[in-house]
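Protein chains: 2
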Amino acid sequence: MKKENISDAVIRRLPRYYRQLTELCARGVVRISSHSLGQEMNITASQIRQDLSCFGEFGQQGYGYNVEELHTEIGHILGVDNNHHLIIIGVGNLGHALLQNFGFAHAGFSVDAAFDISPAVTGTRVNGVPILPMDELDGYLKSHSVDVVVLTIPQAVAQSMADHLVDQGVRGFWNFTNVELTSSVPEVKIENIHFADSLLTLSYRIANR
Amino acid sequence: MKKENISDAVIRRLPRYYRQLTELCARGVVRISSHSLGQEMNITASQIRQDLSCFGEFGQQGYGYNVEELHTEIGHILGVDNNHHLIIIGVGNLGHALLQNFGFAHAGFSVDAAFDISPAVTGTRVNGVPILPMDELDGYLKSHSVDVVVLTIPQAVAQSMADHLVDQGVRGFWNFTNVELTSSVPEVKIENIHFADSLLTLSYRIANR
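Going down the list, the sequences are from chains Y and A.
The numbering of the first sequence is the numbering used here, which starts it at 1 and goes up by one.
The numbering of the second sequence is the numbering used here, which starts it at 1001 and goes up by one.
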């Protein structure tokens, strides 16, 4: 499998392919041409073929793609079968919303615990996930494997918390704090949800239609 | 101002420029070269010059960009000075999180009202915004200008609610439902927050580092 120098744009299209293929599976579609897949996704067929060629050989000339096979393969490339372990720090409204409504398991993540400073929530469970007090965090990290920490904490403490977690060995962050987090440790991967960028993109589109 | 055929990628970089320039303003930086701006944002200087040239003439050869001026100009292009009106439908955990913590005003949006089916929240205010019962929605839309509806409702009702709102004249959606909403009305602009795509991108990066 060729995996060097794959552009950010290609990587960011992979989850879209995965999502579309999940839906096609649910609709009972058995095979699909790159042309039809492109039409469903508003991408050209040649873009799809070029994207997928970064990861190996998929589909057959004149037959197209086997939907279920391609779904499994792209899921594998994305790591959904790796059973990544995840904890959430900050169980305010957003943390609650993720715990109660987001399908972590579909993305291959097991949500093992959540942490908060408020005694009003610690000791409880949300959707089966135990909410632990912050002073148990370091001990937890020493005794458990944690691939990703979801940060749903106030902006003011975001970078200091991230620094502390990197010191404790955390190497993956899903960042909802709207702060551009940085780390000097090259293995650290940070994925940001920038609500404001999304709303401003919408603002542009309604201002310029 | 040239505004035809601007690619999605360029449009999606505009909020990033705006965010970076906001930060530079806060740091008191008066002017910046495309080279330095590119270094801060991990974009090439020529990409920046090319992106901005889609919207007009900015900066001076040998001087660079006036940070505050460029911030104002990009804000203007994004429509942050249009005072868009917005309502939220669905005041569960995610709706609450947005009402309490998201800076709509920074993006030029005024949050005028929110709607929910639950009598437990209707009649209250969250961060000053009145939470109204769903049966007042249609009347509200008839008597108020609404540029964007934020959908933080369950997946099962997402498309039917969107269809209803389009029938009522709504033309902008900020969609948190994880359902790929569609509309046959060309003026309708839908911006999706795909949490799963973001987490899968992170999954890929930690699986392939």
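Quick reminder that beta carbons are idealized off the backbone N, C-alpha and C, glycines included.
Here the structure is a predicted model, which is why all the values come from computation and not from measurement.
Interface partners of residue i on chain Y, CB under 8 Å
i: LYS1189(A); result: LEU202, ARG205, ILE206 and ARG209
i: ASN1093(A); result: ASN93, LEU94, HIS96, ALA97, GLN100 and ASN101
Cβ-Cβ distance between residue i and residue j below 8 Å
i: GLY1169(A); j: LEU1141(A); result: yes
i: SER203(Y); j: LEU1078(A); result: yes
i: VAL111(Y); j: LEU86(Y); result: yes
i: ILE1206(A); j: ASP147(Y); result: yes
i: HIS96(Y); j: ALA1196(A); result: no
i: ASN1093(A); j: ASN93(Y); result: yes
i: ILE74(Y); j: LEU14(Y); result: yes
i: ARG1027(A); j: TYR1063(A); result: no
i: ARG1209(A); j: LYS1189(A); result: no
i: GLU1040(A); j: GLN1020(A); result: yes
i: ASP1051(A); j: VAL1080(A); result: no
i: LEU1165(A); j: VAL1149(A); result: yes
Outcome for residue i when other beta-carbon atoms lying within 10 angstroms are tallied against a minimum of 16
i: LYS2(Y); result: In this prediction, LYS2(Y) scores a pLDDT of 48, lower than 50, which makes its location untrustworthy; the coordinate-derived value is nonetheless stated afterwards. The residue in question, LYS2(Y), is exposed, as its Cβ has fewer than 16 Cβ neighbours within 10 Å.
i: HIS35(Y); result: exposed
i: VAL1067(A); result: buried
i: TYR17(Y); result: buried
i: ILE193(Y); result: buried
i: SER1198(A); result: buried
i: THR201(Y); result: buried
Any C-beta of chain Y under 8 Å from that of residue i
i: ALA1196(A); result: yes
i: LYS1002(A); result: Legend: pLDDT at LYS1002(A) = 48, less than 50; position of this residue unreliable, no value from coordinates given.
i: ARG1019(A); result: yes
i: ARG1171(A); result: yes
i: HIS1106(A); result: yes
i: ARG1125(A); result: no
i: ARG1016(A); result: yes
i: LEU1037(A); result: no
i: ASN1005(A); result: no
i: ASN1082(A); result: yes
i: VAL1149(A); result: no
i: ILE1193(A); result: yes
i: PHE1109(A); result: yes
Per-residue contacts from residue i into chain A (C-beta, under 9 Å)
i: ALA120(Y); result: Under the 9 Å cutoff, chain A gives no residues; its nearest Cβ is about 15 Å from ALA120(Y).
i: ALA113(Y); result: What ALA113(Y) touches in chain A: nothing, since even the nearest Cβ is about 17 Å away.
Supposed close pair residue i, residue j - CB separation, criterion 8 Å
i: VAL1126(A); j: ALA1114(A); result: 7 Å
i: HIS84(Y); j: GLY108(Y); result: 6 Å
i: LEU1151(A); j: GLY1103(A); result: In fact, because the Cβ distance is near 19 Å, the residues do not count as touching under 8 Å.
i: GLY56(Y); j: TYR65(Y); result: Contact flag wrong, Cβ pair sits at about 12 Å.
i: LEU181(Y); j: GLN155(Y); result: The Cβ separation is near 10 Å, so there is no contact.
i: GLU1187(A); j: ASN1175(A); result: Not really, about 16 Å apart at Cβ, beyond 8 Å.
i: HIS1071(A); j: THR1022(A); result: 6 Å
i: LEU1099(A); j: VAL1121(A); result: Not quite, the Cβ-Cβ distance comes to about 10 Å (not below 8 Å), so this is no contact.
i: SER116(Y); j: MET134(Y); result: As written in the sequence, residue 116(Y) is Asp, which differs from the Ser given in the question. Confirmed, about 7 Å.
Closer than 7 Å at the beta carbon, the chain A residues around residue i
i: ILE11(Y); result: THR1201 and TYR1204
i: ASP116(Y); result: Under the 7 Å cutoff, chain A gives no residues; its nearest Cβ is about 14 Å from ASP116(Y).
Distance cut-off 7 Å: residue i Cβ against heavy atoms of the ligand FMN
i: SER1046(A); result: As far as ligands go, the structure on display features none, and thus does not contain the ligand FMN.
Interface partners of residue i on chain Y, CB under 7 Å
i: ARG1049(A); result: None at all; the shortest Cβ gap to chain Y is about 20 Å.
i: PHE1058(A); result: Within chain Y, no residue comes near PHE1058(A); the closest Cβ sits about 16 Å away, beyond 7 Å.
Closer than 8 Å to chain A by CB, residue i
i: ILE87(Y); result: no
i: ALA162(Y); result: no
i: GLY79(Y); result: yes
i: THR44(Y); result: no
Chain Y contact residues for residue i, given Cβ-Cβ distances below 9 Å
i: GLY1139(A); result: Per Cβ cutoff of 9 Å: no residues; GLY1139(A) is ~23 Å from chain Y at best.
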